[in-house]
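This note's numbering puts the first residue of the sequence shown at 93, with every later residue one more than the last. To keep things clear, I will list the structure first and then write my remarks on it.
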Amino acid sequence: MPAGRTHDRITFWTFPLILLIALDRTRSPWFTLVLTVGYLLGGFMLSPDLDIHSHPYKRWGWLRWIWLPYRASIGHRSPLSHAPIIGTTLRVLYLAFWMGLMGIVGVAITNDLILGSLTWDKLDFIIRSFIRQHGITGLFLIIGLELGAMSHSLADFSVTHYKRIKERGICAILSKKSNHPRNRKR
Numbered sequence: 093m094p095a096g097r098t099h100d101r102i103t104f105w106t107f108p109l110i111l112l113i114a115l116d117r118t119r120s121p122w123f124t125l126v127l128t129v130g131y132l133l134g135g136f137m138l139s140p141d142l143d144i145h146s147h148p149y150k151r152w153g154w155l156r157w158i159w160l161p162y163r164a165s166i167g168h169r170s171p172l173s174h175a176p177i178i179g180t181t182l183r184v185l186y187l188a189f190w191m192g193l194m195g196i197v198g199v200a201i202t203n204d205l206i207l208g209s210l211t212w213d214k215l216d217f218i219i220r221s222f223i224r225q226h227g228i229t230g231l232f233l234i235i236g237l238e239l240g241a242m243s244h245s246l247a248d249f250s251v252t253h254y255k256r257i258k259e260r261g262i263c264a265i266l267s268k269k270s271n272h273p274r275n276r277k278r
């Protein structure tokens, strides 16, 4: 499995390729920007390695505590963290939960201190309007996040299989039953 710095280098060095492909496919500087920002966030901040004490985990600084329950409940390299689509979706939903919780607390405090009139109905209207107006932009952001996570998972998969082939030959990958010591009969 590649080291954290290797994953960072992969994200950094593949960024221009993602940028050029996105610009070619979308023909839109705005959607290209959103997708590539998503790619960088997916590679550097919302990496599948948030399930361990890693560079992406440390990058959250004083907010890294929000990832502690995630780390405690998700096994490293499990399908819930490293599988395409599932892992990214789970991390985005997890982060959205914390953002929503912080938003609820912020609105409650603001309403109490300022005697504001921001009701749940108004907040619901604001959120729904935002999603309606910026839904396509959000889709490009999510695609970028997924591409960043996929580059990570692909690197893990490639290096792991390369090491197995180097160690035990191509049969280590082609056979259904692995020749790993824990699978051998005693």
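Think of the CB as a built atom: it goes at the ideal place given N, C-alpha and C, for glycine as much as any other residue.
| Check | Outcome |
| --- | --- |
| So Met242 is in the alpha helix (DSSP H); what residue range does that whole segment cover? | Trp212 to Arg260 |
| Could you give the distance in angstroms between the alpha-carbon of Arg183 and the alpha-carbon of Gly167? | 13 Å |
| Around the C-beta of Arg169, are 16 or more other C-beta atoms found within 10 angstroms, so that it is buried, or is it exposed? | buried |
| Grab me the residues of Tyr131's own chain with a C-beta within less than 6 Å of its C-beta, minus the 5 sequence neighbours each way, in chain order. | Ile110, Gly236, Leu239 and Gly240 |
| Can you name, in chain order, every residue of its own chain whose Cβ lies under 7 Å from the Cβ of Pro140, other than the five neighbours on each side? | Ser173, His174, Gly179, Ala241, His244 and Ser245 |
| Give me the residue from Leu133, Ala188, Trp122 and Leu112 with the minimum Cα distance to His226. | Trp122 |
| Which same chain residues end up closer than 6 Å to Phe202 when comparing Cβ atoms and leaving out the 5 residues on each side of it in sequence? | In the sequence on display, residue 202 carries Thr and not Phe. Counting only Cβ-Cβ distances below 6 Å, and skipping sequence neighbours, we find Gly208. |
| What would DSSP say about Arg169, mapped onto helix, strand or coil? | coil |
| Using the Cα positions of Tyr162 and Ile262, report the straight-line distance between them to the nearest angstrom. | 36 Å |
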